[in-house]
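FYI, in numbering that gives the first Met the number 0 the residues of the sequence shown are 0 to 134. Beta carbons: idealized from backbone N, C-alpha and C, even for Gly.
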Amino acid sequence: MTKEKNKVRVEVAPWIEAGNFLRKRGFYPAFPPTSPYYGAELDELDERVESEMGILYPDPKSKVKPPRKIWIGTIQFGERTEKHWIIRLYGYKWLHLLKATAEEMALKFGVDIDLLIVREQPRKQYVSYYGYPDI
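Rendered as structure tokens:
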């Protein structure tokens, strides 16, 4: 009779991996629509976005400093064991950009990713006087 050894497995949460991946490609992780701070840029990747994370992208037409960002979508993560994510896209204009990024992510993380267009136009990132998003 062989005795199996107990195993310890360390994994990085998918929202941390995806958030860092997106940052390296010029995107900014944000609070999801389910958060009271939705649309605000995240300062760190943690369990506040464990099921869903917003995706911001620099607004090329922004005339303010620092430039405003456009909220172009959200990414929904399945349960830890699920290998299926959904990117909800805000605006047709960003389809080519997010599709290419999603294809890279699917290969890198070994997941299936569906792109779902849910709005015709993106939302803008606005921040009120108090620092909360005003979207």
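Check                                                                                                                                  : Outcome
Three-state secondary structure (DSSP) of K92                                                                                          : helix
Residues sharing a beta bridge with I15, DSSP                                                                                          : In DSSP, I15 forms no bridge with anything.
Contacts around P32, its chain only, beta-carbon distance under 7 angstroms, and the 5 residues preceding and following it disregarded : T73
Cβ neighbours of L88 in the same chain (closer than 8 angstroms, five flanking residues each side left out)                            : I71, G72, L94, L97, L114, L115, I116, V117, R118
Candidates P121, K68, I85, L106: closest to P28 by CA position                                                                         : K68
Backbone CA spacing between G53 and E3 [nearest angstrom]                                                                              : 42 angstroms
Residue span of the beta strand (DSSP E) that contains A29, given as start and end                                                     : 27 to 29
Per-residue DSSP class, three states only, for K64                                                                                     : coil
First through last residue of the beta strand (DSSP E) which encompasses D45                                                           : From DSSP, D45 is part of no beta strand (DSSP E); its letter is neither H nor E.
Continuous beta strand (DSSP E) stretch holding P57: start and end                                                                     : 51 to 57
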